[in-house]
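Trainee:
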Amino acid sequence: MFSTGSYTPTYDAPIKATGDVARRMRNDAAGQMAYYGDNRQYNQGAGKGIAAGGKGAQFRAALTGDIESAKRATAANAGMLDYLKDNATEDLRYQSGAADERNSLASLLLDRDKINTDFNLSRQKRRMESDLAQAQRDASQKAADYARSARTSQSLLGLFGLA
Amino acid sequence: MLPKPKFKQPPMKQAPATPGLTGNFGSSIPTAAPLTGSQTQQYSQFKPVYEPQGGGFGAADQTRGAFARALSDSQNTAMAGDVQGFNLENQRKAQQARAQDVQQQRQIGTDRFGMQRQTVTAKADIANRRAQGMADIATQLDVAKKNANAQALDNAFNFTTSALSLFNPAGGFMQGGRAVGGILGGLMR
């Protein structure tokens, strides 16, 4: 009915990101980690001098800088984790899709086999009925031969007035 | 004697063995947690952004270090929770997909098993119908042959008795038979 390759699965491999972009983003975020932290501290006027801010201000500036730095560190790793998550999700999507396709193909093959089986069974049934009908005709012919043979012998006797 | 019936009976095919449902179903969908490797460990753990230098601010430096460790600890916990949540959700979906996969295979396997059973049954029906039909025809032919043989035997018997009666014009045990109608019997009467 169809060519041989008609039932070949089309799912071949999961489609994943290479990770280049994610690694670049992580490097960028890691680079910003030090910059944002240091910049925040310097802007607070850390150091000695008149109106340059006391140690308390310097300490608060340091903490704020650490927070900014930690934000970038989080962003750096979160990007890579998102990359790993996307790949894991793609793995599952691919496995599910491939399994669905395999089962759909198996269902199609079953339908095909049912069609062929019904066709063959119908052909066998017709062949059986044809054979039986032919056998019936042969048997009727043979039975008629038997009857004719018996009547012939009877007729011969009748010809001589003996039957 | 009539010839033997040379009735050709088509061969009856042997019905195939009944197949069994094996029930060997499996799925390729894994249900293990996906994020467990060294990369996951590397990207979900943070070092403190500040380490106490051992001088300078003194107690304030230690405080800043403690604050930085608290930051990294909370980040680690948040990341671990995020990874765990993703793993659990992924495993739930994988488990559901795996169950559907196996269930579809079971359904298809059962349908195919039913088709095979129906095929076996239909072939057996055809073979049975053929065998019974051929047996009926053979019986009819046998009856016809026996009837013809009986007729031939009856004719031969009549011929013999008629022939004997030709030589017994006075009657006798065949007086009431067919002898009175014979040609020679008529001439002799």
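Listed in order, the protein sequences are those of chains A and X.
When we follow the working numbering, the leftmost residue of the first sequence carries the number 1, and every step to the right adds one.
When we follow the working numbering, the leftmost residue of the second sequence carries the number 164, and every step to the right adds one.
The beta carbon of each residue, even a glycine, is placed where N, CA and C say it ideally should be.
1. Using a Cβ-Cβ cutoff of less than 7 Å, which residues in the same chain neighbour A:Gly-97 once the five nearest sequence positions on both sides are dropped?
2. Note down the Cα distance separating A:Gln-154 from X:Ala-315, rounded to an integer number of angstroms.
3. Excluding the five sequence neighbours on either side, which residues of its own chain have a C-beta within less than 6 Å of the C-beta of A:Ala-30, listed in chain order?
4. Pull out every residue of the segment 62-75 of chain A whose Cβ sits closer than 8 Å to any Cβ of chain X, in chain order.
5. Need the endpoints of the alpha helix (DSSP H) that X:Phe-188 sits in, please.
6. Would you check if the distance between the CB atom of A:Ala-70 and the CB atom of X:Val-212 is smaller than 8 Å?
7. On the criterion of 16 or more Cβ atoms from any shown chain inside 10 Å, does A:Asn-27 qualify as buried, or is it exposed?
8. Nearest-angstrom Cα distance between X:Asn-253 and X:Ser-237?
9. What's the gap between the Cα of A:Leu-132 and the Cα of X:Met-297?
10. Secondary structure at X:Ser-207, three-state DSSP: helix, strand or coil?
11. Would you kindly check if the distance between the Cβ of A:Leu-108 and the Cβ of A:Tyr-36 is under 8 Å?
12. On the three-state DSSP scale, how would you describe A:Asp-12?
13. CA-CA distance, A:Thr-18 and X:Thr-203?
14. Please say whether X:Met-278 and A:Thr-74 have beta carbons closer to each other than 8 Å?
15. Given that X:Ala-231 touches chain A, what residues does it touch there, using C-beta distances under 8 Å?
16. What residues of chain X sit near A:Thr-103, judged by a beta carbon separation below 8 Å?
17. For A:Gln-44, decide whether its Cβ has a neighbour in chain X, counting only Cβ atoms nearer than 8 Å.
18. Taking one C-beta from the segment 142-149 of chain A and one from the segment 307-325 of chain X each time, how about it: are there three or more such pairs within less than 8 Å?
19. Expressed to the nearest angstrom, what Euclidean distance is found between the alpha-carbon atoms of X:Gly-189 and A:Gln-95?
20. Ignore the nearest five residues each way along the sequence and tell me which others in A:Pro-9's own chain have a CB closer than 8 Å to its CB.
21. At 9 Å on the CB atoms, spell out the chain X contacts of A:Asn-77, in chain order.
22. Compute the Euclidean distance between the alpha carbons of A:Glu-90 and A:Ile-15, then round it to the nearest angstrom.
23. Taking Cβ to Cβ, would you say X:Ala-366 is nearer than 8 Å to X:Pro-193?
24. Output yes or no for whether 8 Å exceeds the beta carbon distance between X:Asn-239 and X:Phe-276.
25. Are there 16 or more other CB atoms within 10 angstroms of the CB of A:Asp-20, so buried, or fewer, so exposed?
26. Tell whether a beta-carbon distance below 8 Å holds between X:Gly-200 and X:Pro-215.
27. Could one say the Cβ of A:Gln-32 lies closer than 8 Å to chain X's Cβ atoms, at least one of them?
Mentor: Once the coordinates are examined:
1. Tyr-11
2. Their backbone Cα atoms lie some 8 Å apart in a straight line.
3. In chain order, Ala-76 place their CB closer than 6 Å to the CB of A:Ala-30, counting only its own chain and leaving out the 5 sequence neighbours on each side.
4. Ala-62, Leu-63, Asp-66, Ile-67, Ser-69, Ala-70, Ala-73 and Thr-74
5. Segment: none, X:Phe-188 is in no alpha helix (DSSP H) and carries neither H nor E.
6. Contact flag set, yes.
7. exposed
8. 24 Å
9. 7 Å
10. coil
11. No, these two residues do not count as a Cβ contact at 8 Å.
12. Three-state result, A:Asp-12: coil.
13. 16 Å
14. Between A:Thr-74 and X:Met-278, the gap from beta carbon to beta carbon reaches 8 Å or more.
15. Chain-ordered, the chain A residues with CB closer than 8 Å to the CB of X:Ala-231 read Asp-66 and Ala-70.
16. Checking the sequence, you will find Asn at residue 103 of chain A rather than Thr. Under the 8 Å cutoff, chain X gives Asp-264, Gln-267, Gln-268 and Ile-271.
17. For A:Gln-44, the pLDDT reaches just 49, beneath the cut-off of 50, and the residue's location in the model is therefore unreliable, although a value from the coordinates is still provided. Not closer than 8 Å to any Cβ of chain X, the Cβ of A:Gln-44 fails to qualify, so no.
18. yes
19. Rounded to whole angstroms, X:Gly-189 to A:Gln-95 spans 13 Å at the Cα level.
20. Ala-98, Glu-101, Arg-102 and Leu-105
21. Gln-205, Tyr-206, Ser-207, Gln-208, Phe-209, Gln-238 and Met-242
22. 7 Å
23. Since the displayed chain X opens at 164 and closes at 352, residue 366 of chain X lies outside it and no answer follows.
24. no
25. exposed
26. no
27. no
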